[in-house]
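Reviewing the structure listed below.
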Amino acid sequence: MERFVDLIHKKKLGRELSGSEISYMVEGYCNGSIPDYQMSAMLMAICFTGMNDRELTALTLAMRDSGSVSDLSPIRGIKVDKHSTGGVGDKTTLIIGPVAAACGIPVAKMSGRGLGFTGGTIDKLESIPGLRTDLSAAEFFQAVHNAGICVNGQTDDLAPADKRIYALRDVTATVESIPLIAASIMSKKLAAGSDKILLDVTTGNGAFIKDYEQSLALARKMVAIGTNAGKQTVAQLTSMDEPLGFAIGNNLEVKEAIDALHGNGPDDLMRVCDTLAAHMISLGKEIPFKQAETEAKGAIKSGRAWEVFLSMVEQQGGDTSYMEHPEKLPAAPVTIEYRAKEDGYITSMDTEGFGVAAGLLGAGRSRKDDPIDFSAGIVLRHKINDLVQRGDVLATLHTSKKELAEAAAGLLDGCYGFSDRETEPVKLIGDVVR
Ligand code: URA
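So the sequence shown is numbered by the numbering used here: it starts at 574 and just counts up by one.
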């Protein structure tokens, strides 16, 4: 075997690494024989010279196989997983998981926690009193059997190579690399064991990849990996040029998801949910997208998706009385109204800034093990192309301390753009890659 320094040199020159060289790299980094400084150099070389689809598939499979691969075969039917590349106010899993399950798609899903300025489904679920996301394999299967859906936390054994490599990328400025993001996400999706995969690839100023063409390139790479690994994979691009819905923050988003499941969700959230749920149902039932979309809408209208949601909460140990009466969920002790500083149409929102501000209020973590304040966050009153006057309330900030609200309000000052004319509406639903 070549020395690892030779492989770094090869990649630096933009040459293709073989499958065995890539396995050697992933295994060597996980067992400690390749040190951080050499792996950092390799990651930077990948950032600059990229990887072709053969290399990318080999990297993803080596990362998948660094831990255990879930066997979901005891669950009958076609299991369809869904993954978002991250966003602000993105509570879609809480809605489309129950919708898909209500339409007969078994949803046996592992989700993650918030990352950077983005929120995570597991944190949102844990904001429901009593609800557990650390179910054993037996409990997980039982919950899917009883409710048709279970959303559990990622086990430590899920693609551990990704955990190690991600932590190194985080401190070596190598997170924003399309092949590295694609391999990171797909290694976890393939290890989670579903039969088919739906990817919600977010794009815009509140996504990890902000440029549309780059997001499309990421979607194509992930679909190529899934397909090469034998799993039908569909990617839907969706916009993060403004927060999704009005609520940002864990309990606040659960409340908005409850409204959505009752058919009263904000328009943008419902459009994204209808589209994503339709993809899941179309994949799982092998029916045309339009027919699947009608089924998805029907599941909300009939109340079946709401019943499934309640059953999911119950199966995971959550107290459903809070879901029936969400006003009982603990409210933040401090709320302040954030007001417009000028007159005009809101023409831009710095979505990442809203995620950072929500984190500052207590809805996110700045370090891995920081506790989350489940009641903290932001509820928007206005979004892009709303006409407002100086002094109008733009958002309510929910937090535990007045100083945090003041700091977040300071951040929001830089997050809005105003004009005396409307702007192009946000194009919420983008391309589909199959
Ligand atoms: N999410 C992931 O899981 N990995 C990345 O690299 C980026 C976003």
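We put the beta carbon where it would ideally sit given N, CA and C, even for glycine.
{"Query": "Cα-Cα separation, Gly-836 to Pro-671", "Result": "13 Å"}
{"Query": "Bounding residues of the beta strand (DSSP E) (the contiguous stretch that carries Met-636)", "Result": "Where Met-636 is concerned, there is no enclosing beta strand (DSSP E), although the alpha helix (DSSP H) it sits in stretches over 626 to 637."}
{"Query": "Straight-line Cα distance separating Gly-685 from His-932", "Result": "One detail in the question is off: residue 932 reads as Gly in this sequence, not His. About 16 Å."}
{"Query": "Whether Leu-580 touches Ala-830 by CB criterion (8 Å)", "Result": "no"}
{"Query": "beta-carbon Phe-781 near the ligand URA non-hydrogen atom, thresh 7 Å", "Result": "yes"}
{"Query": "Straight-line Cα distance separating Lys-974 from His-852", "Result": "42 Å"}
{"Query": "Beta-ladder partner(s) of Met-922, from DSSP", "Result": "Tyr-989"}
{"Query": "Residue burial classification, Val-578 (beta-carbon count within 10 angstroms, cutoff 16)", "Result": "exposed"}
{"Query": "Nearest neighbour of Asn-801, chosen from Val-999, Asn-604, Leu-632 [CA to CA]", "Result": "Leu-632"}
{"Query": "Euclidean distance between Cα positions of His-955 and Ser-939", "Result": "27 Å"}
{"Query": "heavy atom of the ligand URA below 7 Å from Ile-695 C-beta", "Result": "no"}
{"Query": "Exposed unless 16 or more other CB atoms sit within 10 angstroms - verdict on Pro-903", "Result": "exposed"}
{"Query": "Asp-730 versus Phe-991, Arg-637, Glu-866, residue with shortest Cα-Cα distance", "Result": "Arg-637"}
{"Query": "Pick from Thr-745, Ile-945, Lys-870 that is closest to Tyr-610, judged by C-alpha positions", "Result": "Thr-745"}
{"Query": "Validate contact between the stretch 691 to 708 and the stretch 646 to 661 using beta carbons, cut 8 Å, 3 pairs", "Result": "yes"}
{"Query": "Short Cβ contact (8 Å threshold) for Asn-725 with Leu-704", "Result": "no"}
{"Query": "Inter-residue Cα distance where the pair is Glu-589 and Pro-861", "Result": "39 Å"}
{"Query": "Rounded C-alpha distance that separates Arg-994 from Gly-917", "Result": "7 Å"}
{"Query": "Check: Ile-770 C-beta below 7 Å from any heavy atom of the ligand URA", "Result": "no"}
{"Query": "Three-state class that DSSP yields for Ala-1008 in the structure shown", "Result": "What is shown of the chain runs 574 to 1007, which leaves residue 1008 out entirely."}
{"Query": "The alpha helix (DSSP H) enclosing Leu-842, as first and last residue numbers", "Result": "840 to 858"}
{"Query": "Under the three-state DSSP convention, the category Cys-723 falls into", "Result": "strand"}
{"Query": "Contact set for Lys-783: own chain, Cβ-Cβ below 8 Å, skip 5 residues either direction", "Result": "Thr-776, Gly-777"}
{"Query": "Distance cut-off 7 Å: Ser-757 Cβ against heavy atoms of the ligand URA", "Result": "yes"}
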